[in-house]
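J.: Chains as they are written, first to last, in my numbering: chain R, 33 to 263; chain F, 159 to 776; chain G, -15 to 472; chain X, 2 to 120.
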Amino acid sequence: MKSVFSLILLVVLGAGVVFTLSSIPFGSTSSDVGEYYIDSGRADTGATNIVTSVVVGYRAFDTLGEVTVLFVAAIGLGAILAAGRENEEKKKAEWEPASLVLYTGCRFLFPLILLFGAYVFIHGHLTPGGGFQGGAVIASAFLMVYLGCRKKRISRTWARNTESISGLVFVVTGLTGLAVGGHYFLSNFLPEGTLNTLFSAGIIPIIYIAIGLKVGSELTGVIDDLIEESE
Amino acid sequence: MTGMEILLLVAFGGVMLTYILGRISSSLRNTFAVVLSLVLVVIIALMYDKTGETIFYRGFFGIPMVLRINSLSWIFAMTISFIGCLSVIFSLDYMKVKERTSFFYAMLLLVNSSMMGIVLAGDLLTLFIFWEIMSWSTFLLISYNGGPAIAAGMKYIVMSFAGSMAMLAGIISIFTAFGTLQISEIAAGMSSASSGFKIFIVIVFGIAFGVKNAIWPFHAWLPQAHAEAPSPFSAVLSGVLIKMGVFGFILTMYVVVGLGTYMSLGGAIFSVRSILLVMGAITILVPTFVALLQDDAKKLLAWSTIAQAGYIMLGIAYGTSLSMAGGVLHFLSHVVFKSLLFMTVGAVEFRTGGIRDLNSLGGLIKKMPFAFTGTLIGVCGLIGVPLTNGFVSKWLIYKSLIFGSPLLTFVALFGTWGTVLYSYKLIHNIFLGQLPEKLKDVENTPLSMKLPMIILSFTVLLFGILPGLPLRVINKIVVSLGFDSLNISLWGIVSESGMLNMINLFAAILAGLIAVWLFLRIGARTIPVKQDDNYAAGAAVPRDRYNYTVKFYDPLLRMISPYLRDIFDTFYMKIADLTGYLSNGIRKIYTGYVGNYVMYIVLFISLMIFVQMKWSPW
Amino acid sequence: MVNPVLLIAVPLGLAFMVPLIDSASRKLTRFVPVAALLFNLILCIRLIPAVLENPIVINLGGFTPPFGINLFVGPLGLLFAGLISLAGLVVSIYSLSYIKNGPVVKYHMLYMLLLTGATGVVLTGDLFNLFVFFEILCISSYALVAYHGDRAGIESSIKYLIQGTVGSGLLLIGIGFIYGIFGTLNMADIAMKIATVEQSTLFVPMILMVAGLGVESAIFPLNAWLPDAHSSAPSSISAILSGIAIEVGLYAVARIVFTVFGISDIYLFFAFLGILTLLIGEMCAFAQSNIKRMLAYSSIGQIGLILFALALATNNTVTGGLFQLVNHTFSKGLLFLSAGYMIYRSGSMEISSLNGMGKRMPLTSLAFTVGAFSLVGLPPFAGFPGKFLIVSGALLKGEMVINILVGLVLLSTVIEGTYFFRVIQALYFKDGNGEQRKQAPATAVTAMIALMILIVALGVYPKFLADFLSSASSDLLDKMSYVGSVLK
Amino acid sequence: MSFLQNNIYYIGAFGLIMIGLLTVLVKHNLIKVIIGLSIMDTGINLFLIAIGYLRNGTAPIFSSPEVESILMVDPVPQALVLTAIVIGVAVLALALSLAIRLYKHFGTLDLHKIKELKW
């Protein structure tokens, strides 16, 4: 009964959506803003990956917000899990140690994955990729270690400080732009360099590195919190 | 800075200072409160016969807020400060045993100050602001005693707040219609407004002032509130506070709407005037007999207050210069004698340890002679015995009604008969008859209570013998409202329907009294007979059963009480219940299941889309 | 001239810095929010003269709109930013002593980020940026509601999260539609192009966006999370949620409906919705015996009133609505703050357990009374001028329908008065158990006194704010000047 | 048929959104509801991408100087989706941590049984 009613509601909703979509034909949209970005993105920001130039250049403020969202979620998760944990005694579960093959494999792969993650966010302005993707890859390396090596734990202070410093780097870069480069927050005050080289696009790589480290340490922190909870 | 600004500054500043001083020392605070209220009396007395307007504040969105003084405001302000001062003095002993006295004094003074603000207001915004301050401070005072006072306070504030909201609607309609709130300017705009608008204004203001003035059918809050409030405040409440409604009526009908318009407003049969008169008449008739039913002294006085408000209403609504003078004078009389009665009952309550039940009091005449004398004079005023102020004011009202509307006169007279009955019940059950055993050790009235009683009793008699004193001021009011001037002498009044000359009456009564006194003096000697000789036909009855004042007027009451059910009180309670029931039903939509909540969101969107696709209203 | 972007950047930077500060000195962390919000408040005050002259448009990253994101700091945005920092400052002072248990550092970070998110929402000129900041606001409030980790907190938090996520999903779909239709995300740009598209096409995006934002701003059928979340959160957070979060949601709705779409056919519908919200909120509050739930429902009612006032879309009513909004922030904040310590002392949220609090905690009870009187609209507190402006503005429209709605507003005020007076009676005139008299801690008292002074000052001298609000209301209603100042 | 072909991405996107919403509406296991929210998020992301799609378009990356800009898809929705994904992840993480706590308190994840706060 209830599901039927829900279905009817959704059908009505869908009808409205279809009606509106008829004015946005699929596959042929061209927006002024998008075209502008494609045409002058390289000149404006020095990044060849236009998505990056949008994410860290034109809409860098969004990205600052986005980083904050993740930050909020990580703290929030920590706070919720910590609040409940306070009033129960700690009992350490005995973990079965991982097999040698797994253990060695993980240890072998771990630096490689880290390196890959770093590559992804350092080259964010040149190739598909960026801080978030790189950060997620880095976090996956830690997740693998947690799953494979079991007993290994990261240092929370270390993770927290990385997170904090990289967040600060983002904000301070923005504020520096406010102070020196054209007096706009997050303006690109560094030289743009030559296209398609690593040292180009001004502040974009700096921000992406900060984001990469931040996202990596945040996600690792989240994983750590959840694993601690499961113990 | 004009006198009015100084007055309000002193009044409101004094409120705060009283509270702060109370934190330091209670005796310092008491002295300060008394001095403050005396100062207010003096300031207002100095403003006698002044008229003027002054803009005192523009901070409220630039709307000029005006204070103005004229004879109407003066007489009200004088009454407020006078009764306020006496009630503060009365409180000195009364409040000694209670806690949180600083709060009480501060609130009492705040009520007085805000009432002065109301009567001095020269624009409706000022009026409304002070009106609301008065409402909530009164609420805090009524609830002060806790227990049953909680319910009383709640009833008061809800009804009063509903009234205020009606008033706010009216005030803002006026503001949007004429772009001004100054009373003197509104009157000009009002004359050209449509009659529908005028009736709307009369209705909303009528509700607001009717609630405060406890006109039937808005009286439901009053009995409980008066009964449960601390007695010094009951005096203020019954004496002046509800008279703010009278002030409001005069202001709305004769100043805002205007005399000429008021007399012709509405249809032939259901004209505003006739409706108000009928409401006034019902307000006299029913509460008078409800008062008879009461066993609680303060409740009895409370119902009597409603009934007397009906007289004032009749006088004011009738709309001739004589009736207007009668109405205003009756307001003055009522203030004096009702405050006096509440104070005497309060003194009894204070000395007997909180007994207000008429069936368990009695015989206090010897213990508290002062209170008895005060009650006697007050009751005489209430009934309208000659040589008291009540006589003069009722005489004016009867005189003005008797030719125009004999029916209303009959109702008013009939009400007076009822008044006699309950007045006798009051004075007899408290002071006459047998003294119950447990009240043997009752002490005499303390000085701080005697003083206001003496002053008020004196005023009752003074205004009764020299009605010209208040009538001179009242005549100015009457003239300023657009009526003809009255012919007034110090001793009385001459009108087309008869004349009143208190000096003749006074002489006649004095002569009569002297004759009686001489006759008694020369004639018989009284032989005191012990009552218990013949009380129970010689049977041995426990002493505390001797009180024969239980179930006063029992047969009469049994006859009339079925007709006196307070349907409006029931009606309001039903509304309150219904609101509670409805609210309880509505909140069930928040079922606690989150799936439903999401459903509401989707439902909202789907409904919008459905409506839009089906009828395309947008 | 100071740059308004600091309003967002500095608290954000400080929030990122908190872990570092924490490892340096534990005690210092608590004062970070106070410092950040004090900074914001001073900044807002310094911006007032410049903003009153001309709205400040900040192009972030130096890209001109519509290509970059811009901040639009008009009187309205500045009003909200100032309100957020002021209320935030007061509540953060209160929190110094109120929040003692649990992960305190995380509390302060989340708290600061919540307010940063709110500031971002009110200042941004970009639709998607608004969404992002909105998410910061929402997610930090989900976490803060569950801060104590008790049964009620967790339950309400998860319910809030589900509804909030559905809401933000709908908002995002709406934004997607808008981008698909107009090819831009800049609000001014969209506002300019709005006439080029048929109205009926815009209906679904608009209703999706309004519904999405409506969840956060507690408009009637979308507000089921509110009573749970506001009543279960720590009281300092309830104060912020009631005083800031839903107002910011309402701001977003108003901005989108008035400035972005600006099609006046729909305004009356919102007025009806506002009245419905008002009545339902007040009625539900009337039936409550739990003090915080009662306050939460009363927030719904107030939001309804403000929505009604805004929806009438004249300068007077919007000014009145904004005034009422300011009043609601202060009064409801004060109510929650004072109720917080009373609940802390009595250990129960039932109104009956607050009996006799007037003797046990006089100042806290006084604060509650002032807040209640102000919310009900009694002079001389801040609620009265707000109500006066709303009613006079509404009656000035002179339409019969609106007159009737005004009647309903007054009726609901009576209902509201009834339940608040009931609590006040319980505080002062009912006998409680004879516990010792003990005041709230000094920081909490400071916060409450500050709010009380603000409420009385606004009530006595409303003109102080009214002029500013009047230019804020024209900021909201004057679509053309908004477009003009962004797209020079 | 051509309608289906032309709009397959939209249909897919809204299909996912509807499935997600329906899950939230009718399922009363909290984990399933969270999965529903996640599906809905995915659908929205797909929708955003679909809006910016250009038929036969390429990624907006000038990996070498000779790449032409004519057929590049709109980069804005991609940037938006990047943000939206992160937000989705954030909410998901928070929701799961709440679910863990909820289970500790109530011993169940059935939302019909978690109705202590109501009315």
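Note that CB positions come from ideal geometry on N, CA and C, so glycine has one too.
Thinking C-alpha only, which one of V360/F, Y751/F, P628/F, K525/F is nearest E139/G?
T.: The shortest Cα separation from E139/G among V360/F, Y751/F, P628/F, K525/F belongs to Y751/F.
J.: Pull up the CB-CB distance for R226/F and L278/F, whole angstroms please, since I reckon it's below 8 Å.
T.: Indeed they touch by this definition, with Cβ atoms about 7 Å apart.
J.: List, in order along the chain, the chain X residues whose C-beta lies closer than 9 Å to that of I239/R?
T.: Here the premise fails: no neighbours, minimum Cβ distance about 14 Å.
J.: Given that G542/F touches chain G, what residues does it touch there, using C-beta distances under 8 Å?
T.: Residues of chain G passing the Cβ test: none, with the nearest at roughly 38 Å.
J.: Check each residue of the stretch 735 to 768 of chain F: if its Cβ is closer than 7 Å to any Cβ of chain G, include it; give the result in chain order.
T.: Per Cβ criterion, the list reads T737, G738, L740, S741, N742, I744, R745, Y748, V752, Y755, V756, Y758, I759, L761, F762, I763, M766, I767.
J.: Which chain F residues sit within Cβ distance under 9 Å of L318/G?
T.: Those do not exist, as L318/G stays about 17 Å from chain F at its closest Cβ, beyond 9 Å.
J.: List the endpoints of the continuous alpha helix (DSSP H) containing G21/X.
T.: First-last of the alpha helix (DSSP H) with G21/X: 9 to 27.
J.: Could you tell me the distance, in whole angstroms, from the CA atom of T43/X to the CA atom of A91/X?
T.: One C-alpha to the other measures close to 14 Å.
J.: Using DSSP bridges, identify the partner residues of I42/G.
T.: Answer is L55/G.
J.: Does any CB atom of chain G fall closer than 8 Å to the CB of R74/R?
T.: Not an interface residue.
J.: So, are the CB atoms of V41/G and F217/R less than 8 Å apart?
T.: No, they are not a contact pair.
J.: Taking only three categories from DSSP, how would you classify A217/G?
T.: Residue state, collapsed to three classes: coil.
J.: Can the beta-carbon of G234/R be found closer than 8 Å to that of L222/R?
T.: The answer is yes: Cβ separation under 8 Å.
J.: Could you tell me which uninterrupted alpha helix (DSSP H) segments, each at least 4 residues in length, are contained entirely in the stretch 94 to 178 of chain R, listed from first to last along the chain?
T.: Runs found: 132 to 154.
J.: Assuming L318/G and L279/G form a contact by the criterion Cβ under 8 Å, report the distance between their Cβ atoms to the nearest whole angstrom.
T.: With 8 Å as the limit, L318/G and L279/G do not qualify as a contact, their Cβ atoms being about 11 Å apart.
J.: With DSSP as the reference, label E334/G as helix, strand or coil.
T.: DSSP places E334/G in strand when its eight states are reduced to three.
J.: What runs of the beta strand (DSSP E), each 3 residues or longer, lie entirely inside the stretch 255 to 330 of chain G?
T.: Fully enclosed beta strand (DSSP E) runs of 3 or longer: not present.
J.: Round the Cβ separation of A475/F and R431/F to the nearest angstrom and send it over; I've been treating them as touching at under 8 Å.
T.: Correct: roughly 6 Å between the Cβ atoms.
J.: Counting only beta-carbon atoms, is L156/G nearer than 8 Å to chain X?
T.: Yes, L156/G counts as interfacial toward chain X.
J.: Ignore the nearest five residues each way along the sequence and tell me which others in P390/F's own chain have a CB closer than 6 Å to its CB.
T.: Within the same chain, P390/F has close Cβ partners S245, F248, S249, Y252.
J.: Can you tell me whether DSSP reads S301/F as helix, strand or coil?
T.: Correct three-state label for S301/F: helix.
J.: V652/F lies in the beta strand (DSSP E); which residues open and close that run?
T.: Per DSSP, V652/F belongs to the beta strand (DSSP E) from 650 to 653.
J.: Using a cut-off of 9 Å between C-beta atoms, extract the partners of I225/R located in chain F.
T.: Here residue 225/R turns out to be Gly, not Ile, going by the sequence shown. The contacting residues do not exist; G225/R stays about 49 Å from chain F at best.
J.: With DSSP run on the structure shown, which of helix, strand or coil describes M205/F?
T.: Reduced to three states, the DSSP call for M205/F is coil.
J.: Give me the residue from N113/G, A255/G, G468/G with the minimum Cα distance to L392/G.
T.: That would be A255/G, whose Cα lies nearest to the Cα of L392/G.
J.: Taking the alpha-carbon of V101/R as reference, which of E200/G, G45/G, L97/G, Y251/G has the nearest alpha-carbon?
T.: The option with the nearest alpha carbon to V101/R is L97/G.
J.: Which residue's Cα is closest to the Cα of V44/R: L285/F, F768/F, P720/F?
T.: Of L285/F, F768/F, P720/F, the residue nearest in Cα terms is F768/F.
J.: What do you reckon, are the CB atoms on G246/G and A175/G nearer than 8 Å?
T.: Contact: yes.
J.: Please list the partners that V25/X has in chain G, where partner means a Cβ-to-Cβ separation under 8 Å.
T.: The contacting residues are I146, V150.
J.: Between L450/F and G520/F, how many whole angstroms is the CB-CB distance? I'm expecting something under 8 Å.
T.: That belief does not hold up - the Cβ atoms of L450/F and G520/F are roughly 18 Å apart, past 8 Å.
J.: I'd like to know whether the C-beta of T205/R is nearer than 8 Å to at least one C-beta of chain G.
T.: Judged by the 8 Å Cβ criterion, T205/R is not in contact with chain G.
J.: Taking C-beta pairs closer than 9 Å, name the residues in chain R that M771/F reaches, listed in chain order.
T.: Within chain R, the residues near M771/F are V44, A47, G48, F51.
J.: Consult DSSP for G206/R and reduce its assignment to one of helix, strand or coil.
T.: Note: G206/R maps to helix in three-state DSSP.
J.: Can you give the Cα-Cα distance for N645/F and L395/G, rounded to whole angstroms?
T.: Near 48 Å, if we compare the C-alpha coordinates of L395/G and N645/F.
J.: Enumerate in chain order the residues of its own chain whose CB-to-CB distance from F117/G is below 7 Å, with the five nearest sequence positions on each side excluded.
T.: The answer, listed in chain order, is G101, G104, V105, T108.
J.: Can you pull the chain G neighbours of F48/X, defined as C-beta to C-beta under 8 Å?
T.: Result: I157, G160.
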